[in-house]
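Data first, discussion second: the structure below is written as structure tokens.
Here it is, written out as structure tokens:
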């Protein structure tokens with residue numbers, strides 16, 4: 002979500018002072034109505050990393066999106082083309098009946114992908130069902146290679162906290178986002194004409210506002226609790242995903258010495 006301009010508070014984007022101290026890439030590179038796929042990420046990372054290395058700097062791929070990280074390491078799965086009319090039909094179904102029926106279909110035809118996705122992520126849910134209907138095979142069957150495609154020595158570091166501490170930190174982070182003005186940020190985005198079906202508005206911290214508007218009976222406290230719950234579920238899924246990767250070394254975030262020895266053996 003940090004690739005999108007204007008999505009600052011809800012995506013926990015680093016502030017300007019921090020960015021000046023530690024240069025970041027791929028922040029504020031898309032308008033909210035544009036898509037940013039795993040393929041886009043891989044292509045941009047492939048472009049940036051040699052340039053960073055040429056300056057004798059160490060590129061760090063940081064974040065919780067393990068799916069994008071896996072695609073960078075091993076490449077994108079080769080999925081056959083699907084008749085575009087299938088996607089049109091699925092989008093009409095979502096507009097008519099909501100995303101629920103499609104997510105239930107995905108849980109039946111492709112349980113691993115359904116477990117990995119946020120049940121409110123309409124674009125990825127539509128894509129997964131589209132692939133199944135068009136090929137007869139679940140999206141999870143199109144696995145990426147197990148051979149690393151990048152010509153680099155890669156250190157994969159996972160940061161792991163006690164689960165109760167992690168959830169407590171997530172809850173505090175959501176409280177901070179609201180105190181920083183998340184409601185106003187979402188109001189400004191909606192005033193610019195951004196709608197629930199746009200890629201940028203499907204992220205946790207943004208999509209819940211549209212659900213509140215549709216239900217009409219939620220309070221801001223209810224909304225805050227929903228964002229906390231969705232964030233905790235997402236963290237749990239991402240931990241599971243990272244644990245499935247080969248070669249991950251796990252550290253407490255407080256073990257700076259251990260992490261430095263891993264990076265600079």
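Residue numbers (this note's numbering): 2 to 266.
Don't be surprised by glycine CBs; every beta carbon is placed ideally from N, CA and C.
Span separating the alpha-carbon of residue i from that of residue j
i, j, result
"residue 116", "residue 233", "14 Å"
"residue 253", "residue 160", "6 Å"
"residue 126", "residue 105", "10 Å"
"residue 210", "residue 9", "16 Å"
"residue 103", "residue 142", "19 Å"
"residue 100", "residue 121", "7 Å"
"residue 260", "residue 241", "21 Å"
"residue 130", "residue 84", "13 Å"
"residue 237", "residue 231", "10 Å"
"residue 247", "residue 175", "31 Å"
"residue 29", "residue 183", "18 Å"
"residue 212", "residue 154", "44 Å"
"residue 59", "residue 11", "28 Å"
"residue 140", "residue 111", "7 Å"
"residue 217", "residue 64", "33 Å"
"residue 72", "residue 158", "17 Å"
"residue 90", "residue 134", "11 Å"
"residue 180", "residue 76", "40 Å"
"residue 56", "residue 166", "38 Å"
"residue 205", "residue 48", "28 Å"
"residue 251", "residue 164", "14 Å"
"residue 187", "residue 266", "45 Å"
"residue 203", "residue 21", "29 Å"
"residue 38", "residue 222", "32 Å"
"residue 14", "residue 146", "32 Å"
"residue 194", "residue 34", "10 Å"
Run of the beta strand (DSSP E) containing residue i, from where it starts to where it stops
i, result
"residue 250", "249-252"
Residue i - containing alpha helix (DSSP H), residue span
i, result
"residue 260", "257-264"
"residue 94", "85-98"
"residue 1", "The structure shown does not extend to residue 1, since the chain spans only 2 to 266, so no value can be given for it."
"residue 50", "39-55"
"residue 176", "164-181"
"residue 215", "208-216"
"residue 123", "123-136"
"residue 231", "221-244"
"residue 195", "No alpha helix (DSSP H) holds residue 195; DSSP gives it neither H nor E."
"residue 101", "101-110"
"residue 144", "Segment: none, residue 144 is in no alpha helix (DSSP H) and carries neither H nor E."
"residue 22", "17-22"
Buried or exposed (CB count within 10 angstroms, at least 16 for buried), residue i
i, result
"residue 207", "buried"
"residue 229", "buried"
"residue 40", "exposed"
"residue 1", "The requested residue 1 is not part of the displayed model; the chain covers only 2 to 266."
"residue 214", "exposed"
"residue 5", "buried"
"residue 46", "buried"
"residue 1", "Outside the displayed span of the chain (2 to 266) sits residue 1, for which this structure offers no information."
"residue 200", "buried"
"residue 185", "exposed"
"residue 17", "exposed"
"residue 123", "buried"
"residue 98", "exposed"
"residue 255", "exposed"
"residue 244", "exposed"
"residue 128", "buried"
Beta-bridge partners of residue i, as assigned by DSSP
i, result
"residue 158", "250"
"residue 5", "31"
Residue from the options whose Cα sits closest to the Cα of residue i
i, options, result
"residue 23", "259, 53, 101 and 124", "53"
"residue 86", "70, 204 and 132", "132"
"residue 32", "181, 16, 124 and 2", "2"
"residue 198", "74, 90, 95 and 118", "95"
"residue 136", "194, 80 and 17", "80"
"residue 7", "222, 191 and 250", "191"
"residue 61", "92, 34 and 26", "26"
"residue 69", "93, 193 and 42", "42"
"residue 173", "193, 226, 196 and 195", "226"
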